[in-house]
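Just so you know, full-length UniProt numbering puts 311 at position 311 of the sequence shown, and the rest follows in order with no gaps.
The beta carbon of each residue, even a glycine, is placed where N, CA and C say it ideally should be.
Quick caveat, the model's predicted, so the values are computed rather than measured.
Notes for the one structure printed next.
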Amino acid sequence: MLAVRFLTGRLKRGDEALSSTYRLLLSAAVGVATALGAIALIAVWDRSGALFETVRSALSADQLSNVVLAVILLAIAYALTDFLGGVVREIGSESASISKHQQEVILRITQLTVYTAASVSVVGLFTDNVGSLLVGAGFLGIVVGMAARQTLGAVLAGFVLMFSRPFEVGDWVEVGDHEGTVTEISIMSTRLRSFDGEVITMPNDTVRSGSIVDRSRRNRLRIEVEVGVDYDADVERAAAVVEEAVAGVEDVAEMPEPNAVTKRFDDSAVVLGLRYWIRNPSMRKRWRTQTAAMNAMKDALEAEGIAIPFPQQTLSARSDDATGPRLDASVEGRAATRGGSGSDGRGPDSGDEGGDAGEGDTAGSGESDR
1 MLAVRFLTGR LKRGDEALSS TYRLLLSAAV GVATALGAIA LIAVWDRSGA
51 LFETVRSALS ADQLSNVVLA VILLAIAYAL TDFLGGVVRE IGSESASISK
101 HQQEVILRIT QLTVYTAASV SVVGLFTDNV GSLLVGAGFL GIVVGMAARQ
151 TLGAVLAGFV LMFSRPFEVG DWVEVGDHEG TVTEISIMST RLRSFDGEVI
201 TMPNDTVRSG SIVDRSRRNR LRIEVEVGVD YDADVERAAA VVEEAVAGVE
251 DVAEMPEPNA VTKRFDDSAV VLGLRYWIRN PSMRKRWRTQ TAAMNAMKDA
301 LEAEGIAIPF PQQTLSARSD DATGPRLDAS VEGRAATRGG SGSDGRGPDS
351 GDEGGDAGEG DTAGSGESDR
């Protein structure tokens, strides 16, 4: 049974243009294989007597019409789902706004709705207490929903994402603390591929509850690069130089043109912000153009003789006649004493020893002179 199901599934996936008759024959083959497998299991479990008794009661005059009607209802449900599936595929192939994944979701929801209605109708043919069954099914649904509320939340968020479409597969997005290219959107989760090649899988409820930044939505992205110029430089001339330099960088859009603005006065430079646009943005294109733009700006400023300053400090000694706070004389004396002691490599108590050593040296030198 599983082998037949697997083979028919492969045939259906291998040929998208199967006719309705061919699909019906494949489904019939699956049904026959399933029935034969069920009969074999019943025979193994030695329940054939109960099966025959059930069939005999079903084929009685009172139940035969219900059995025939149930078969007709199931056949109608199958034909209806097959027809609606063809309609969904036809609409999806003609409309670029409906992805294949959305087509699959719509088809599965349609099948679930039709088969649920058909099953309830079939059960109603053989019992008058359908309400109790529905109440029991409702309580069972509540229990399952409470046990799997996180999973169901992710599934519902997946439906919302697929139909609200805040981003598409292939978009460059930032979701919370994660950034990358969308590779897959499923019912349960969304997958991103980061710039480092990492695959990030996030539950759809997490994606839906946070902020989403789509940098590919408008097919263009503005990037800003800062550069500092010397206070003695002509700022307007420096802005024109960097604008012209970045305009010649590959992948930088011609319109809108690159634009340089004066942003702030820094400690050692006047900071300019160079803003430019790129088309069909991606992570790699952003860093590639930013690197090329910075190199072009540096080369152009150097060619024009405009310095790019860096932080530096200038230290100057105070003259003796300068006014202002000074150290106390006692403090200066202690500092000098510590400096002198430290230079000789002796502690504060080594003064006498140093004196004795000095006298010995003098005497020794005198004897040698004589």
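Rounded Cβ spacing between residue i and residue j (contact assumed at less than 8 Å)
i: Arg-215; j: Val-182; result: Actually they do not touch by this definition, with Cβ atoms about 11 Å apart.
i: Ala-296; j: Gly-248; result: 7 Å
i: Asp-154; j: Asp-196; result: Asp is not the amino acid found at residue 154; the sequence shown has Ala there. With a Cβ gap of about 26 Å, Ala-154 and Asp-196 do not count as contacting.
i: Val-252; j: Tyr-231; result: Actually they are not in contact, since the Cβ atoms of Val-252 and Tyr-231 sit about 29 Å apart, beyond 8 Å.
i: Glu-184; j: Ser-194; result: Their Cβ separation, rounded to whole angstroms, is 14 Å, which puts Glu-184 and Ser-194 out of contact at 8 Å.
i: Thr-81; j: Thr-110; result: 6 Å
i: Arg-267; j: Pro-311; result: Note that residue 267 corresponds to Asp in the displayed sequence, not to Arg. Right, the Cβ-Cβ distance comes to about 6 Å (below 8 Å), so this counts as a contact.
i: Gly-176; j: Gly-210; result: 5 Å
Closest by C-alpha distance to residue i, when choosing among the options
i: residue 390; options: Ile-212, Leu-274, Asp-251 and Thr-151; result: Since the first residue shown for the chain is 1 and the last is 370, residue 390 is missing from the structure and cannot be characterised.
i: Leu-112; options: Gly-124, Leu-74, Pro-203 and Ser-93; result: Leu-74
i: Arg-165; options: Met-283, Asp-234, Glu-94 and Val-213; result: Val-213
i: Leu-272; options: Val-71, Thr-289 and Leu-301; result: Leu-301
i: Gly-124; options: Gly-158, Met-283, Gln-102 and Leu-69; result: Leu-69
i: Glu-250; options: Gly-138, Lys-285 and Lys-263; result: Lys-285
i: Met-162; options: Thr-151, Val-175, Ser-119 and Gln-102; result: Gln-102
i: Val-169; options: Ala-157, Ser-95 and Ser-186; result: Ser-186
i: Ile-76; options: Ala-118, Pro-281 and Ser-65; result: Ala-118
i: Arg-279; options: Val-160, Ala-233 and Arg-217; result: Arg-217
i: Val-67; options: Val-122, Arg-108 and Glu-198; result: Val-122
i: Pro-281; options: Asp-171, Leu-315 and Val-160; result: Asp-171
i: Asn-259; options: Ala-293, Ser-65 and Val-135; result: Ala-293
Residue environment, residue i, which counts as buried when at least 16 other CB atoms sit within 10 Å
i: Phe-265; result: exposed
i: Phe-83; result: exposed
i: Arg-208; result: buried
i: Val-87; result: exposed
i: Glu-243; result: buried
i: Phe-167; result: buried
i: Val-270; result: buried
i: Ile-106; result: buried
i: Pro-256; result: exposed
i: Gly-85; result: buried
i: Val-246; result: buried
i: Ala-79; result: exposed
i: Thr-289; result: buried
i: Lys-263; result: exposed
- Item | the segment 225–241 touching the segment 295–309, judged by at least three CB pairs closer than 8 Å | yes
- Task: Please specify which runs of the alpha helix (DSSP H), each continuous and at least 4 residues long, are wholly inside the segment 131–195, giving them in chain order.
- Result: 149–164
- Is it true that the segment 217–233 meets the segment 184–198, where meeting means three or more beta-carbon pairs spaced less than 8 Å apart? no
- Taking the runs of the alpha helix (DSSP H) that are 4 residues or longer, which of them lie wholly in the segment 192–280? 204–209 and 235–247
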